[in-house]
Amino acid sequence: MAICVIEGKFTVKRGQVEKDCFYLMPENSNYAPIKGIKENQLIIWRIGIDVSKKF
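Numbered by our numbering, the letters in the sequence shown go through residues 116 to 170 in order.
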């Protein structure tokens with residue numbers, strides 16, 4: 116998971132790397148993926164690592 120700033124707005128998305136492109140993938144199916152292109156102002160602000168443990 117990554118906290119990103121795109122076009123001046125914060126969003127939390129999962130990063131996905133393809134052959135020649137980077138996508139920000141939403142967890143909510145109501146939202147479309149965001150394609151990382153030169154025209155987008157994209158800053159990856161923080162990366163989180165998901166850790167889960169059974170108790």
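From the three backbone atoms N, C-alpha and C, an ideal C-beta is built for every residue, glycine too.
When the Cα atoms are used, what is the spatial distance from I118 to E142? 13 Å
Less than 9 Å between the beta carbons of L139 and K128, yes or no? yes
Pick from G151, L157, I162, N145: whose alpha carbon is nearest that of D135? G151
Quick one: grab the DSSP three-state call for A147. coil
With DSSP run on the structure shown, which of helix, strand or coil describes M116? coil
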